[in-house]
Every structure is written in C-alpha cells, then in structure tokens.
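Right, one structure below, let's go through it.
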Amino acid sequence: MSMSFSLPKYMKVRNSIQESIQNETLPSKSRLASIAKMSVHFGVSPSVIQRALNELVNDGFVECRGASGYYVSNKKINRKPVEENAADKQKNSDNCTVPVYFACAHHSDLVWRKTYEEADETRRDQTERLIEIAEENPEFHFYFEQAEIPVRLPEFKDRLNKLLENGQAEMIGGTAIPDLNMISGETFLRILLQGKDDYKKIFGIVPDIACLSDAFGMPIQVPQVLSLCGYRYLVPGRMPNPPASLDIQKPFYWDGANKTSILVSEPVYLNDIAYTTNVPVMYDKETYTRQKLERLVSDSENRFAVFYKEEGLFDESICQIVDQVNRSGMREIRFGSLQEYFEMHSSGEHPRYIGEFNPIFTGCYSTRIKNKQMIRKAEIMMRRAETLAAAEGKTLDISELQKELFRVAFHDSLCGCCTDDAQEGIQKKFSNILSGLEKLCVPPKKKRKTFFIANTSSVQGNQLVCSESAPKGIPAQQIDGNYYYFADMPAVGGKNFQEGTPNGSVKDVKEKKIKTAFFTVDFSEKYPKFTCPDNVFGDTFSAVTIRPDFGSMWTERYKEAVFDEKYSCEEPYTITDGPVFYQASTSGKIVPETVQIGHTNKPWNGFKSLSWKKDFYFPKSQDYFFLKLTLNFTGCNTKILVNFPHQLDPFTLERTDSVPFGSLSRKPYFETESRYESTMCSMDSSTYLYAGGDWPILDWTDFSDRRTGLAIANNGIPGCWASGSKITFSLCRSGTAVEDGAMEAGPGGYDNGVHEYWFAFRVHKPGELWKAAELGNILNRMPSESRPLPEGEWLSWDRKNIELSSAEKKGNSLILRFYEFYGKRSDVTLSGAWIDDADIVEIMPTGDKICDVQKNKITFAPFEIKTLMVTPKIKKK
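Numbered according to the numbering used here, the sequence shown spans residues 327 to 1203.
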C-alpha cells in the first residue's frame, strides 16, 4: 500500500495560518473562517483545526472570542517569532548546523496492485536503476527495507556489495514486512531471523535496524521481539493513536509489555507526486520536490528524510535537486545512512512510550476473511509438524514452506488489500503451504489395529480428541467425517488407541431443551436461552446482523446503523443427543424486503442475499461449547457480523485480548452508548478516520467482571468490537470504494459464496484468564492422529500462564520457545521425556547463550519470551 507521511496535519494547518498572519495576508483583528469551513478547506477533521487554533492562541497569534469565533490578534507579538527559552534556543541552533540526513528507497510491496511475479519484475527494474544512479553519483545513498529484494535478485549481488562497501547502500529489516496483528508472535520472530540470515549469507552483514514501514498498526510485544532478534533501532509501521504528548516524528523509546526498549524514529517521507487536478496552481515534479526539500531544511528539527517511490523508477535529477537546495545557504541536505542517524541519537535523552499502536485500517480484519483463517491454520500446522518431528528425533526442513508463509504474511496480502489477480496468487500459495504441511502432519490412510494421537498444546488431562478412526471402548461421535471423543492426554505428548466400532448412536430430541453438567439451554425460540448458574449469555445470542458499508478494502464507511435481528428469520431448531455432544441446529436468512434505506422500500445498492446455518455442539461433561456458523452471501457494500450479548457488568468489565506473544487489556472506543461513556477510551481524532470499532485479536478474547467471566475463542476471525453488554465479531465485508493506488476492489474482494466460522465459549471464575488461552488451544489445537511416535509425556510445565510457542529439533538439540501471557512473574519447572537427563541452556533466538538452567527451573518476568536449548546428556559407557 502506498505510504504518505509528512508533518502532522495540525502542524500543517497551524503553519499555514501562522504564515498568512505573518505576511499579513490575514490582517490584524480580522476574523478567521469557522472551524467547519476550515475543516473543508484543509481537508481535515474539525478536531485537527481546533488543535491548531489552540496552539496559535497559546502563542499569541490568534484570540478566541467565544461564540464570536477566532480573530487575528492585534498584539505586536503576533508579528514576531515566539521567544525560545535558552535550552531550546541552543538546541535549535545546534540542530541548524546538523545536516538533514537524506536517502532514497522503494517501499516495495511484495504483492498489492501487482501479482508476486509482476512485483518481482518491477523490483528488478527499480534495483537496476538505483544501482546505476549510485554508480554515477558517489554521494547518492539508498536502502532496502526487506531482505526479500536481494534474495530474489542474485544477479545484482556483486554490484550491491560494492555499493555497501562504499557506504552508498544499506540493508535493513527482516525478510518481509508482515501484518503484525494477525500473525503469531512466532511467525513474526522467524521473519526477522530469516531476514538477518539472508543478509548475512548474501552480503556478510547483520543489520540492527528493523523496518516495519506501512505495517497496519504495531502490537505491544514488537520491542521485545526486535530486541531478542538483535535489533536496536526501528523504522516503524503506522502508529495510530499516539498520546498527545508524544511526537512520533521525533526519536523516542518504545517500551514493550516486558519493558524492553527500542529506539524508534519515523523518517519524513517525501515523494514527487504532484497534484494535477483540483488545485489552484500546478507544479512539475522537479519543482514540487524542490519545494518539499526547502520546507524540510527550514525546519530546525533533526530529522531523517526519505525520498521514496512505490512502483516507479528513480531519476538522477534527485541529486541535482539536492544540490540546488544546498546552494540556497540553508541547512545542508546530505545523503547519509540510517545507521549513522540512529547512532547519533542513541546516547541522547528521548521520550518513552509504553503500549501498542492500534487500531488502524480495521476493515482489513474482515476483508477477504479466508486469508486470515488460512494463515492461522498454516501457522498451527507448521508448529505441529515441527513438534512431531522433534518427538521422532528428526530435524525437519520446512524452510521453503516457511518462506512461502512469510510471503503470504506480507501486510497487503494477509489483509486482502490487493487486486483479484494478486489474490489468486495468494490463495495458490496458501493451498500449496497447507497441502505440504498436511503431508507432514496427517498419517497416510490405511487399515491398522492401533492409531496414535498426538497432543502438541499445553492442555492436559481429560480433553476432546479428534481422529479419523473410532477408538475401542470409548464413546465417540462422528461430525463431518471425523470422530470426536474424550480421553486422558498428556500435554505435549501422545498415546496409542485401539481401533474399534463406534460406540453409541445419535437420537432426535423432541423437547427443545438440553442440559449438560454446566449448561441448561432452551432452543424453543429464535435464539438460545441459557438458565444456568452464573449465566452470562444475553437474549439474542448468536444473532447474525448486517450493515451498509461503502468503504474500501482498508476502511469501513458506514451509512446506516446495524440492521439487527429484527430483519432476519430462522427455522425451528432440531436437537440431537449423541454419545459425546448435544447438537442444536438451525438455518436462517436476512429478509430483504424488511431492509429498507430511506424511502426506497428496498435494501441499499449492493446487498443481494445472506443465509446461514448454525450448529451448536455442547459436550455433556465440559464447561465449554462450540458454534459452527456457515454463511452464504451474495452482493457487496455490506459488513456481516455475529453478536454475542452478555449479562456481565459493563462498569467493572475487563476485556483481555490475545495478541502476538501475550495478552492486552482494551476498552471500547467507537459507537459507545452515552450511559457507558465512562467505560470507553477516546482515540486521537485522526484514528477515527481509519478505525471502525474493532480491535485485532488472535485465538481468544475474554470478558470478566467481579462475578464471573466469559471466554470466546475463534478460528481466524480477528475483528472484535465490544461495548456495554454487546460483543460483536466481524465475519466478512465487501467494500467497493477506491481508496489507495487508484485500485478498485474487484468482485473477488466481495467475498461472495460460502464461509465457515468456528467459535468456542467458556464461563469461568474471575481471574481464570488461563481458561481463555486453554479454550483457544481446545478449539484450534485439538489432539489428533499422527504417524506412530513414542508414547507418553514429551514436555510439560507447572504454570498455566506459560504458553509454548514452538518446539523444533536442530542438530542434537531441541529449541523450545515459551512466553508468559498473564502479566505475572512465575517460577516454572519443566518436566517430561525431553527434559529428563538433559542439559538446558537459555539462549537468544539468534543462538547466543544467556545462561545455564539449573534443576529444570526457569523464572519468567511478566510477558517475557524465553528460548531454551535442550540437549540430551551424553551417557557414559
């Protein structure tokens, strides 16, 4: 996606008004236009205008006269610069002698408007041009944002190496720039390590500058992951909703969840895109670029500037334009390196920020929803394949499949913000990845007397198991071709089962009511009614709703409120009683003639039809249940949602979401009823232009008050909105607006057809957040069949707030990665066949040793990520 970074909008407005006052275009005592008119004129929100005016009032340029509006001050101070204090004066004086560091770069999307193959060809042309300019102009400097570029262009290796030696080229970042909210922390970490490895193999360098430019928001664990991978500095992705006190265009320290810090500096991004219509004066590209550079050098701040292009080619004229500006006698613009700039700031005092940078482009969470579901499935299967190989004592080479996973994790591809042709290539890669992983995880079909079940998650004890064969002597129920049953299983381990005949039958239940050990549910009406103790479920639980959404692939643009359950009809439920589950099923649809916009007596332009099927599965002995929701949609300009209202106390409610390598408490920020205003958080006004209510989540989200809690798990449905007594998941959307790159959303982006979603629900006591994480594993990492492996417990640990991220065999050792997700310091003891009689060393993900682990005991700080190397001791003869 194209990037457009410059001065904050309020500063642009402020500078424009101040300049007009100082040159007396706006004379003394004259009244300024209304905030509403200035909002239209500058193309920004009223709150941006208000912030600019507040600063002008504070600096004496403007007076506020209440209802009469704003006037140019008649004080003489408004014709003079604001007096600086001594420290600021010295700082600005020093900065004026420091050059503006300047470089060129392509923000090169692996896939976006072009397919992967077309983008490769574009990068080949771009790289060749950059090299040619650098070879002809020894002062010229450029950098690559991701290692995928030189990896796929080996023919330029020697020429790039020479430019690296000359200091004219720079390599930063990992192998690619993924979406950071919708992939696991493990995938993000491996993308970084792969990039470092690629750079080292090709050029013999190991960068310490990470690059996440254009990533759509950044979760809270990014600083810790970067630090663990050996990065010291960050060129960031998009940073929505920063605190008002933080200037994100100046260097600052970003502290992660475990207080790990990384120095962040967002460059000033410049381009030569000149307006050609709808403006009073038009400039050619060279003049436009020169004006931008002149404004840049007049700024006393010490910034790094980047002249960037996306799909175009650089021109040698950029060197000539820099020379022209430098002859003006102002601050020098000097081609230079990001490394030099960061190191210059690494020893100084800078502001600190703790938290995440989210949300932005929330429409991405449900655009082309299958991309999100497929990457979740691929990540889980990849980790399972590695764990099974480790149990077998084998090193598994899945490097090519993993590299393909990194390519589909790229932010524009995973978010689905691309052309239909590009999406076809993305889906093809997903299919190849899943097909390759299935061969490694699923045993070949053949007749046998026994079969092996492997558990690769932290859940242990009596739990739900899935297999193609029915086990002997255990009640099992067949659903969608597989048998489900409960069995005692070790955490990260496995056991053999005897194949048997299915035990028990499924019977119809005439009474529309079921009762398990934990739930009593009445299905005689349109929506299930729960009457169990500590009931948290609302009256319209599982209602499917729709909303007119005329936004783009990135951003929602709502034109009406949600059309709720009154606009749908559902068939009476059918209830069955099986050996393992009660099943309650119904089908429903939107009734189009009831959905009316204005006085048209028909739905909005785009919506055609929506139908669905719901299948509830209630295990008879467990404190959780499942919902399989299948949609069939035709049309566009529609957002489809499912609602799970609750009876928790909104005023004491704490929402906790699973995020990469951890969890995070969040509050509602959008469309909150006035009675619940005290429960919400307010966003920066510009954030609301790109955020439509959802927060991004991974496997699970949890809602708890002082009485009880409700955990909800999903199978790749990241967009979740909650406010008051409502919880809503965004299932899919089909915006048609053109927002970026003059790229129209094709019919493939409308997500027409059948979509399948799985949810799991669990009621728990307050403080049992581990039950939410466990529910995510129960739904997504259920023990299932594998090839025969050693029986028993391979790995276990004694704290429920610790999660296993990966288990991989390398050489003679096992590499295990864990993380603490609760925010609680914990002493953990490891056990199991892998741990017994082994030496354990804590290492960095890069392989560098940190310390020996004594007596299999490890201490985790809150939200800490740890990597362990477990090596069997050499037995003496």
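Here a beta-carbon is modelled for each residue, glycine too, at the ideal position from N, C-alpha and C.
Test item: CB-CB of residue 812 and residue 790 under 9 Å:
Along the sequence shown, one-based indexing puts residue 812 at 486. Along the sequence shown, one-based indexing puts residue 790 at 464. Yes, these two residues count as a Cβ contact at 9 Å.
For residue 432, count neighbouring Cβ atoms within 10 angstroms of its own Cβ and tell me buried if that reaches 16, exposed if not.
Locating residue 432 in the sequence shown gives position 106, counting from the first residue. Buried: at least 16 other Cβ atoms inside 10 Å.
Selected residue, minimal CA-CA separation from residue 441, among 920, 746 and 1085:
For the purposes of this step, residue 441 is taken as residue 115 along the sequence shown, with counting starting at 1. The option with the nearest alpha carbon to residue 441 is 746.
How many whole angstroms separate the CB atoms of residue 395 and residue 689, which I take to be in contact at a CB cut-off of 8 Å?
On the sequence shown, position 69 is the one that residue 395 refers to. On the sequence shown, position 363 is the one that residue 689 refers to. Actually they do not touch by this definition, with Cβ atoms about 37 Å apart.
Between which two residues does the alpha helix (DSSP H) holding residue 476 run?
The residue you call residue 476 lines up with position 150 of the sequence shown. It spans 474 to 477 - the alpha helix (DSSP H) in which residue 476 sits, taken as one unbroken run.
Do you know offhand how far residue 598's Cα is from residue 613's?
Position 272 of the sequence shown holds residue 598. Position 287 of the sequence shown holds residue 613. Going by the C-alpha atoms only, they are around 9 Å apart.
Buried or exposed by the 16-neighbour rule on C-beta atoms within 10 Å, applied to residue 845
In the sequence shown, residue 845 corresponds to position 519, counting from 1. Its Cβ being crowded by 16 or more others within 10 Å, residue 845 is buried.
Buried or exposed: which applies to residue 1106, given that a residue is buried once 16 or more other Cβ atoms fall within 10 Å of its Cβ?
Here residue 1106 is taken as the residue at index 780 of the sequence shown, counted from 1. Residue 1106 is buried by the Cβ-count criterion.
Starting from residue 1166 and walking both ways along the beta strand (DSSP E), at which residues does that stretch end?
Position 840 of the sequence shown holds residue 1166. First-last of the beta strand (DSSP E) with residue 1166: 1164 to 1169.
Residue nearest to residue 704 in terms of C-alpha spacing, selected from 757, 449 and 1127:
Taking the sequence shown and counting its residues from 1, the one referred to as residue 704 is at position 378. It is 757 whose Cα lies nearest to the Cα of residue 704.
Are the Cβ atoms of residue 1035 and residue 1028 separated by less than 9 Å?
Your numbering for residue 1035 matches position 709 in the sequence shown. Your numbering for residue 1028 matches position 702 in the sequence shown. Yes, the Cβ-Cβ distance between residue 1035 and residue 1028 is below 9 Å.
Based on the DSSP secondary-structure assignment, which residues constitute the bridge partners of residue 1133?
Position 807 of the sequence shown, counting from 1, holds the residue named residue 1133. Partner(s): 1142.
In angstroms with no decimal places, state the Cα-to-Cα distance between residue 859 and residue 1051.
Here residue 859 is taken as the residue at index 533 of the sequence shown, counted from 1. Here residue 1051 is taken as the residue at index 725 of the sequence shown, counted from 1. Each residue's Cα considered, the two are about 18 Å apart.
What distance in whole Å lies between the Cβ atoms of residue 1053 and residue 971, which are believed to be in contact at a cut-off of 8 Å?
Within the sequence shown, the letter at position 645 stands for residue 971. Within the sequence shown, the letter at position 727 stands for residue 1053. Contact check for residue 971 and residue 1053: beta-carbon distance about 7 Å, within the 8 Å limit, so the pair qualifies.
In DSSP terms, what residue 1049 is bridged to
Within the sequence shown, numbered from 1, the residue matching residue 1049 stands at position 723. Answer is 1052, bridged to residue 1049.
Please go through the region 1066 to 1127 and give each complete beta strand (DSSP E) segment of 3 or more residues, from N-terminal end onward.
1079 to 1090 and 1110 to 1112
Going by C-alpha to C-alpha distance, which of 848, 1126, 1037 and 381 sits closest to residue 784?
Locating residue 784 in the sequence shown gives position 458, where the first residue counts as 1. Checking every option, the nearest Cα to that of residue 784 belongs to 1126.
Whose C-beta lies closer than 8 Å to the C-beta of residue 632 among residues of the same chain, with five residues either side of it excluded?
On the sequence shown, residue 632 is found 306 positions in, with the first residue counted as 1. Taking C-beta separations shorter than 8 Å and ignoring five residues to either side along the sequence, the partners of residue 632 in its chain run 428, 429, 430, 431, 593, 594, 595 and 596, following chain order.
Supposed contact pair residue 767 and residue 707 - C-beta distance, whole angstroms, cut 8 Å:
By 1-based counting over the sequence shown, the position of residue 707 is 381. By 1-based counting over the sequence shown, the position of residue 767 is 441. Their Cβ separation, rounded to whole angstroms, is 6 Å, which keeps residue 707 and residue 767 in contact under 8 Å.
Assuming contact is defined by CB atoms lying nearer than 9 Å, are residue 825 and residue 798 in contact in what I supplied?
As a working note, residue 825 is residue 499 in the sequence shown. As a working note, residue 798 is residue 472 in the sequence shown. Taking 9 Å as the cut-off, the beta carbon of residue 825 is found closer than this to the beta carbon of residue 798.
Distance check for residue 656 and residue 622, CA to CA, integer angstroms please.
Within the sequence shown, residue 622 is the residue found at index 296, counting from 1. Within the sequence shown, residue 656 is the residue found at index 330, counting from 1. Between residue 622 and residue 656, the C-alpha separation is close to 10 Å.
Suppose you measure from the CA of residue 341 to the CA of residue 572; what does that come to, to the nearest Å?
Walking along the sequence shown from the start, residue 341 turns up at place 15. Walking along the sequence shown from the start, residue 572 turns up at place 246. Each residue's alpha carbon lies about 19 Å from the other.
For residue 580, the residue or residues it bridges with in DSSP:
Against the sequence shown, residue 580 aligns to sequence position 254. Beta-bridge pairing links residue 580 to 588 and 679.
Three-state class that DSSP yields for residue 408 in the structure shown
In the sequence shown, the residue the question calls residue 408 occupies position 82. In this prediction, residue 408 has a pLDDT of 38, which is less than 50 and means its spatial position is unreliable; what the coordinates show is noted afterwards. If DSSP states are grouped into helix, strand and coil, residue 408 belongs with coil.
Apply the 10 Å Cβ neighbour rule to residue 680 and answer buried if 16 or more other Cβ atoms are within range, or exposed otherwise.
Residue 680 sits at position 354 when you count from the first residue of the sequence shown. Under this definition residue 680 is an exposed residue.
Measuring alpha carbon to alpha carbon, tell me which residue in 1119, 1151, 1190 and 1177 is nearest residue 1161.
Sequence index remark: in the sequence shown, residue 1161 carries index 835 (1-based). Nearest of 1119, 1151, 1190 and 1177 to residue 1161, Cα basis: 1119.
So, is the C-beta of residue 898 closer than 9 Å to a C-beta in chain B?
Absent here is chain B; the protein component of the structure consists of one chain.
Alpha carbon to alpha carbon, how far is residue 853 from residue 1055?
Locating residue 853 in the sequence shown gives position 527, where the first residue counts as 1. Locating residue 1055 in the sequence shown gives position 729, where the first residue counts as 1. Going from the Cα of residue 853 to the Cα of residue 1055 covers about 17 Å.
From what residue to what residue does the beta strand (DSSP E) around residue 599 run?
One-based indexing of the sequence shown puts residue 599 at position 273. Note, residue 599: premise wrong, no beta strand (DSSP E); not H, not E.
Could you check which residue in 521, 1003, 661 and 1191 has the C-alpha nearest to that of residue 425?
To locate residue 425, count along the sequence shown from 1; it is residue 99. Residue 661 is the option with its Cα nearest to residue 425.
Whole-angstrom distance between residue 359 and residue 1209, CA atom to CA atom:
Only positions 327 to 1203 of the chain appear in this structure, which leaves residue 1209 out of reach.
Are residue 900 and residue 832 closer than 9 Å when you measure CB to CB?
Position 574 of the sequence shown holds residue 900. Position 506 of the sequence shown holds residue 832. The answer is no: Cβ separation not under 9 Å.
Strictly by DSSP, which residues pair up with residue 345?
Numbered from its first residue, the sequence shown carries residue 345 at position 19. BP columns for residue 345 are empty, so no partner.
Cα separation between residue 1059 and residue 701?
Looking up residue 1059 in the sequence shown gives position 733. Looking up residue 701 in the sequence shown gives position 375. Residue 701 has its alpha-carbon roughly 18 Å from the corresponding atom of residue 1059.
Inter-residue spacing [alpha-carbon to alpha-carbon] between residue 487 and residue 870:
Position 161 of the sequence shown, counted from the start, is the residue given in the question as residue 487. Position 544 of the sequence shown, counted from the start, is the residue given in the question as residue 870. Distance between the alpha carbons of residue 487 and residue 870 is about 57 Å.
Is there contact here, the region 761 to 779 with the region 450 to 470, by at least three beta-carbon pairs under 8 Å?
no
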